[in-house]
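Just so you know, we're using my numbering here: the sequence shown kicks off at 1403 and counts up by one. A virtual CB, placed ideally from N, CA and C, is assigned to each residue, including glycine.
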Amino acid sequence: MKTTVMDICEALESWAPPGLAYSWDRIGLSVGDLEAPVNRVLVCLSVTRDAFAAARKTKAQMIVSHHPLIWEPLKTLRADDPHARLCLDITQAGIACFAMHTNLDVVAGGVSRALGEAIGLRDMRPLLPVTHAAMVKLVAFVPESHLAAVRDAVSAAGAGVIGNYTHCSFSADGIGTFLPGDAANPFSGQKGKVNEEPERRFETLVPKPRLGRVLAALFAAHPYEEVAYDVVTLENTDPSVGLGVQGTLERAQPLDRFAEHVRNALKLEHLRVTGPGKRLVRRVAAIGGSGGGQVAALPGDVDVLVTGDVGYHDALTAQERGLAVVDAGHAGSERPILEMLKRFLAGRFSGVRVLVYGETDCFQWVGEKKRKGLK
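Structure follows, in structure tokens:
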């Protein structure tokens, strides 16, 4: 059975639902035919001219990137505009482009988790909550005979997760009433007669981005042709979702040694560090990409932040708070997600070859002398 662009998109969205993306983001399929067959996928951070050339060279029919191909809306598609020309060339080559950006930044097991794993963090959990990752309560009324089937179906679709527990729900006995009309095909009861049916009130928590899939599972497992259900808005946010991760090192170590470990783990030639080199660090925050703007929001017990694109004023704020910073660069701190994307797609689609384009940092260091340790 052939794999299509749509199959790849749906699999990726099951991992990082579009509803987790910030409202300003440009995620999803920007170029391509959903029905087109795919047997080679190139994963990359950014859809650059070089990444496109790599996709053509390897005969990939689809590019899956972290950064969207189209960010600012295109007003024209002119060949004398370099970015518009890239979009034209990709379209003419018949290559689909799909992006997972801020949804992959905040989802559990996303960009920052990959960074944390790469640098050896233990006991990782979300760092900063995101308010748009809302929870809803699903309430449905189910005959006793189908309660277990409904619970299992909605749980498999992503409902009922609280921390390390799954299939979490509550149910209570009640009586449902209904009068089937002439066009009805009731599971129980008679047309034209009010029926009283023993039912269970079933409640479970659902991350709002997964609500559509959960409702589809409810309708498929429920025996009634008209399912009675409520979706209740909550103030709760999904505790499994957040920007960045926090974790610990196996043992405390000097900042200079930890920074060198990060440099080696991420295969970087250089990185930037703020803080005394001999200072001991153990509790680590990691934010893949541009995380410098979050310095002021970090918990007070964090010893060091590993991220990219740290600005001058953010570094000063970190110094004032007594927080060390290891700036591994934007690409350097996000690159670990590429291998995770490869493993995910290869595990889902045995007939699809997944290739990684590991772009290098677009900045070059000039006049830097090699030295041991930090000052």
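Does the distance from the C-beta atom of residue i to that of residue j stay below 7 Å?
i: residue 1421; j: residue 1641; result: no
i: residue 1625; j: residue 1548; result: yes
i: residue 1526; j: residue 1704; result: no
i: residue 1630; j: residue 1555; result: no
i: residue 1449; j: residue 1463; result: no
i: residue 1757; j: residue 1444; result: yes
i: residue 1541; j: residue 1435; result: no
i: residue 1687; j: residue 1529; result: yes
i: residue 1636; j: residue 1728; result: no
i: residue 1563; j: residue 1604; result: no
i: residue 1639; j: residue 1484; result: no
i: residue 1693; j: residue 1524; result: no
i: residue 1606; j: residue 1571; result: yes
i: residue 1664; j: residue 1683; result: no
i: residue 1476; j: residue 1432; result: no
i: residue 1551; j: residue 1616; result: no
i: residue 1711; j: residue 1733; result: no
i: residue 1535; j: residue 1608; result: no
i: residue 1587; j: residue 1627; result: yes
i: residue 1461; j: residue 1480; result: no
i: residue 1657; j: residue 1681; result: yes
i: residue 1429; j: residue 1501; result: yes
i: residue 1416; j: residue 1446; result: no
Hey, quick one: how far does the alpha helix (DSSP H) through residue i stretch, first residue to last?
i: residue 1749; result: 1738-1750
i: residue 1621; result: 1613-1623
i: residue 1488; result: 1484-1494
i: residue 1410; result: 1407-1417
i: residue 1584; result: Run containing residue 1584: none; DSSP gives neither H nor E here.
i: residue 1516; result: 1513-1520
i: residue 1659; result: 1657-1667
i: residue 1506; result: 1504-1508
On the DSSP letters alone, give me the boundaries of the beta strand (DSSP E) that residue i sits inside.
i: residue 1689; result: 1682-1692
i: residue 1631; result: 1631-1639
i: residue 1547; result: Residue 1547 -> no beta strand (DSSP E), and no H or E assigned at all.
i: residue 1471; result: No beta strand (DSSP E) holds residue 1471; DSSP gives it neither H nor E.
i: residue 1670; result: Looking at the DSSP string, residue 1670 is not in any beta strand (DSSP E), and its letter there is neither H nor E.
i: residue 1709; result: 1706-1710
Could you tell me which residues DSSP pairs with residue i in its beta bridges?
i: residue 1573; result: 1604
i: residue 1454; result: Answer by DSSP bridge pairing: none, since residue 1454 is not bridged.
i: residue 1676; result: 1727
i: residue 1442; result: 1755
i: residue 1564; result: 1567
i: residue 1433; result: 1499
i: residue 1552; result: Looking at the DSSP assignment, residue 1552 forms no beta bridge with any residue, so it has no partner.
i: residue 1536; result: 1639
i: residue 1541; result: 1605, 1632
i: residue 1449; result: DSSP, once it has assigned bridges, lists no residue as partnering residue 1449.
i: residue 1650; result: 1524, 1685
i: residue 1599; result: 1578
Exposed or buried, residue i, counting other C-beta atoms within 10 Å across all chains shown (16 or more means buried)?
i: residue 1412; result: exposed
i: residue 1567; result: exposed
i: residue 1425; result: exposed
i: residue 1403; result: exposed
i: residue 1505; result: buried
i: residue 1777; result: Reliability fails at residue 1777, whose pLDDT of 35 lies under 50, so the model's placement of it is uncertain and the value that follows must be treated cautiously. So residue 1777 ends up on the exposed side.
i: residue 1451; result: exposed
i: residue 1515; result: buried
i: residue 1773; result: Bear in mind that the predicted position of residue 1773 carries a pLDDT of just 45, short of 50, making it unreliable; the figure below should be weighed with that in mind. Burial call: exposed.
i: residue 1775; result: The predicted model places residue 1775 with a pLDDT of 41, which falls under 50 and marks its position as unreliable, so this point remains unresolved.
i: residue 1405; result: buried
i: residue 1714; result: exposed
i: residue 1676; result: buried
i: residue 1583; result: exposed
i: residue 1765; result: exposed
i: residue 1716; result: buried
i: residue 1596; result: exposed
i: residue 1602; result: buried
i: residue 1553; result: buried
i: residue 1533; result: exposed
i: residue 1644; result: buried
i: residue 1698; result: exposed
Any C-beta of chain D sitting closer than 7 Å to the C-beta of residue i?
i: residue 1769; result: Any reference to chain D falls outside this structure, which holds one protein chain only.
Next on the checklist: When you compare the region 1506-1516 with the region 1563-1583, are there three or more beta-carbon pairs, one atom per stretch, that lie closer than 8 Å?
Outcome noted: Because the criterion of three Cβ pairs below 8 Å is not met, the region 1506-1516 and the region 1563-1583 do not touch.
Checklist entry - With contact counted as at least three CB pairs below 8 Å, one residue from each stretch, are the region 1490-1506 and the region 1663-1674 in contact? => result no
Checklist entry - Is the region 1729-1738 touching the region 1515-1526 in the sense that three or more CB pairs, one from each, lie closer than 8 Å? => result yes
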